[in-house]
Structure formats: structure tokens, C-alpha cells
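Going left to right, the sequence shown walks through residues 2 to 324 as our numbering numbers them.
Glycine included, C-beta positions come from ideal geometry on N, C-alpha and C.
All figures in this text were calculated on a predicted structure; none of them were measured in a lab.
Notes follow the structure.
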Amino acid sequence: MNILVTGGAGYIGSHTVKLLQQKGHNVIVFDNLSRGHIEAVPEEVSFEKVDLLDFDSLSNALNKYEIDAVIHFAAFAYVGESVDNPGMYYTNNVSGSINLIKALNNKGVKKIVFSSTCSLYGNPEIVPISEKESLKPINPYAKTKFMIEHVLADFEISSGMKYVALRYFNAAGADFSGQIGESHAPETHLIPIVLQVALGKREKVSIFGDDYPTNDGTCIRDYIHVNDLADAHLRALQYLNDGESQVINLGTGRGYSVKEIIDKAEEITGRPIKREITSRRPGDPAVLIADNKKAREVLGWNPQSGLTDIIKSAWQWHLNPKY
Ligand code: UFG
2 MNILVTGGAG
12 YIGSHTVKLL
22 QQKGHNVIVF
32 DNLSRGHIEA
42 VPEEVSFEKV
52 DLLDFDSLSN
62 ALNKYEIDAV
72 IHFAAFAYVG
82 ESVDNPGMYY
92 TNNVSGSINL
102 IKALNNKGVK
112 KIVFSSTCSL
122 YGNPEIVPIS
132 EKESLKPINP
142 YAKTKFMIEH
152 VLADFEISSG
162 MKYVALRYFN
172 AAGADFSGQI
182 GESHAPETHL
192 IPIVLQVALG
202 KREKVSIFGD
212 DYPTNDGTCI
222 RDYIHVNDLA
232 DAHLRALQYL
242 NDGESQVINL
252 GTGRGYSVKE
262 IIDKAEEITG
272 RPIKREITSR
282 RPGDPAVLIA
292 DNKKAREVLG
302 WNPQSGLTDI
312 IKSAWQWHLN
322 PKY
């Protein structure tokens with residue numbers, strides 16, 4: 002298939018591009034490189050430096066290619082930044098996505114896989130979280146994803162565009178080749194920060210609260226290897242060949258606390274990781290764990306990597322990052 006990947010120079014995007022290529026698909030990447038890394042895009046891939054906010058440039062770029070389906074990653078994805086600067090998030094994530102969806106509709110592209118998030122569930126009432134949990138996004142980032150899920154549903158009604166919205170839990174780890182990985186500036190995610198402490202690039206990691214209602218008092222998250230996420234995108238594309246639109250959670254179904262992550266990273270790196278307890282980070286739910294039954298049933302998805310593989314692969318990357 003000819004597959005357009007927006008945000009293909011970003012973290013999850015680049016891992017998905019690599020897998021699509023391995024499976025013999027013709028991949029086209031659109032990325033404005035505001036957060037992505039050109040080094041993460043393989044040379045054989047068609048690349049357009051295009052900003053989704055520029056509708057004319059976007060339409061012109063689209064018209065250069067045959068496109069069978071789209072995977073839409075391009076978005077800002079920092080919860081804290083979205084609280085501080087909602088305008089930037091609504092503009093980039095909502096207006097940019099609407100431009101893309103309109104341009105795809107004009108071109109007659111009928112299949113789209115969309116990067117959504119488990120943040121849509123806010124503070125969930127039932128954990129593990131199934132897709133039936135009510136949607137209560139509590140920050141602008143999550144609200145942008147919530148809005149685009151609705152936009153996609155409306156375009157399906159008006160023009161038959163089918164979509165799979167994949168609600169990721171905590172993406173982590175790096176490709177086992179060591180050639181691509183997670184490189185955010187600034188870095189706010191737990192696992193890279195913990196590894197930066199192991200490397201001596203940071204003095205310590207702050208544990209944001211140890212008074213949550215969990216076994217050790219620290220927040221629990223469902224960390225999912227980025228290559229398992231990539232695999233789910235490929236399956237979602239195949240599914241869309243004759244399936245109906247879907248929203249699907251992507252997580253392992255197993256959660257780890259912040260303290261467990263730090264302890265595991267000490268074990269894998271063989272280095273001490275200094276930590277300190279600080280106050281809670283506003284907006285952090287205590288426990289987010291996926292019920293991934295739907296992904297298994299609908300996509301035949303079966304995540305392969307556990308926490309050890311996640312931290313080992315991330316450590317390999319952080320010891321020798323390529324960008
Ligand atoms: N944490 C710390 N110290 C840090 C960084 C994080 O204690 O220095 C804790 C957080 O409080 C949280 C856990 O580690 O409990 C994971 O935090 P991350 O920042 O790595 O990830 P989040 O769960 O906050 O958010 C991530 C993505 C979002 C996505 C969400 C889905 O950044 O885009 O996962 O769960 F929506």
C-alpha cells in the first residue's frame with residue numbers, strides 16, 4: 002500500500018515508518034520537523050517538509066502522491082505544555098488535523114489511523130480501562146484528541162472516511178537496532194529521565210508524589226513498547242481494508258509504579274539512580290492500566306515486549322543516541 006505518515010520523523014511515527022518499510026509498503030512522510038528528527042526518516046522514504054496548518058501547501062504535497070491510507074501522528078503531546086499554552090495545542094493539534102482530514106477528503110482518501118490517547122479517560126472510574134469508560138479529558142492536550150475523534154466520526158458520516166483511533170497508554174522503549182529512539186527536548190517522560198540520571202546527565206529523578214492509593218504510594222502506568230505500538234498501526238491499516246471504524250486502547254494490561262520503574266532501571270543499568278519525593282504533579286491520575294481485550298480481538302494484536310525489554314532498549318538508545 003501507499004501509506005502517508007504524518008509526524009513520521011517523531012518518536013512513535015519513526016518506529017512505525019520503519020516497520021511499514023520492512024513489510025514492503027511504500028511510505029511517504031509529512032513532517033514540519035518542529036519536534037521530529039530528519040535523521041529518523043530513512044533515506045528511501047519520500048519526505049515532504051510540510052506544515053498541516055498550511056492548507057494549500059498540504060494539498061499540493063498530497064497531490065504529488067498516490068495515497069491508499071494515512072497514519073496521522075503529527076501533534077504536540079506534552080500535557081503540561083498544553084495547560085500552559087492551550088492556544089498552541091488547539092491550533093496545532095485541532096486545526097492541523099482538520100486541515101489534513103479535509104484535504105484527504107478532497108483527495109478521496111478513505112482510511113485513516115489516528116494517534117489518540119488514554120488521557121481521554123481523565124481519572125477513570127474502572128481500571129483496567131476499557132473503551133466503554135466515559136471520556137473526561139482533563140487537560141487541553143487530551144481535549145484536542147477528543148475533538149479530533151469527533152471530527153473523524155463526523156467525516157465518516159458525511160463521506161464514508163473510515164478510521165481507527167488508537168488510544169495509547171505510555172509509549173516507551175526504542176527500536177532494538179539502536180538506530181532510532183526517543184529524543185524529546187525538553188524531556189518530561191519518566192523512563193528517559195530515569196536513564197538520564199543513570200548516565201549522570203541529571204542529578205536525580207523527582208518522584209511526583211508517594212501518597213497515591215497504590216501499593217507503594219507512587220503512580221502506576223501501563224508502559225507499552227514503541228514497536229508494539231507500531232505493530233498495532235500496521236494491523237489497524239489492514240483491518241480498515243474491510244473493517245468498520247473503531248476506537249481501540251493500546252496498552253499491555255499490566256501496570257508499574259514510578260518506584261518500580263526506577264528500581265528496574267537500576268537493575269538493568271547496574272547504576273544507582275538517585276531519587277527524591279516531591280509533591281504531586283497536577284493532573285496525574287493514580288492508576289492508568291489498559292483493558293486491551295478489544296485490540297487483541299479486533300486487531301489480533303499481542304504485545305511482545307515487557308518492562309525489561311522496554312528499559313533495556315531505551316538504555317541501549319540513551320547510551321548511544323543517534324540524534
Ligand atoms: N513522573 C515522575 N517524575 C518525573 C516524570 C514522571 O514521578 O520526572 C511520573 C508521573 O507523575 C507519572 C509517571 O511518572 O505518574 C509517568 O509520567 P510520564 O510523564 O512519563 O507520562 P504520563 O503518564 O504523564 O503521560 C504520557 C504521555 C501523554 C499520554 C499519557 C498517557 O506524555 O502524552 O502518557 O498515559 F497521554
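Query: Segment contact flag, the stretch 228–236 with the stretch 17–24, C-beta cutoff 8 Å, min 3 pairs; Result: yes
Query: Contact check, E44 vs F31, beta carbons under 8 Å; Result: no
Query: Residues that A172 bridges to, as DSSP identifies them; Result: I225
Query: Cutoff 6 Å; reference S47; Cβ partners in own chain excluding five residues on either side; Result: I29
Query: beta-carbon N171 near the ligand UFG non-hydrogen atom, thresh 7 Å; Result: yes
Query: Own chain partners of F74 with C-beta closer than 8 Å, once the 5 adjacent residues on each side are dropped; Result: V6, T7, G8, G9, G11, I13, G14, T17 and S116
Query: I269 and T219 closer than 8 Å at C-beta; Result: no
Query: Proximal residues to P286 (C-beta, below 6 Å), its chain only, five neighbours per side dropped; Result: N124
Query: heavy atom of the ligand UFG below 7 Å from D217 C-beta; Result: no
Query: Beta-carbon separation (whole angstroms), L300 vs I249, contact threshold 8 Å; Result: 7 Å
Query: Supposed contact pair V206 and I274 - C-beta distance, whole angstroms, cut 8 Å; Result: 6 Å
Query: CB contact flag (A315, G109, <8 Å); Result: no
Query: Simplified DSSP assignment, three categories, for T118; Result: strand
Query: The ligand UFG heavy atom lying under 7 Å from the CB of I194; Result: yes
Query: Boundaries of the alpha helix (DSSP H) in which R297 is found, first to last residue; Result: K294 to L300
Query: Cβ contact (3+ pairs, closer than 8 Å) linking the stretch 195–202 and the stretch 136–146; Result: no
Query: A70 Cβ short of 7 Å to the ligand UFG heavy atom set; Result: no
Query: Proximity test, I208 beta-carbon vs the ligand UFG heavy atom, cut-off 7 Å; Result: yes
Query: DSSP-derived helix/strand/coil call for L54; Result: coil
Query: Cα-Cα separation, Y90 to G81; Result: 11 Å
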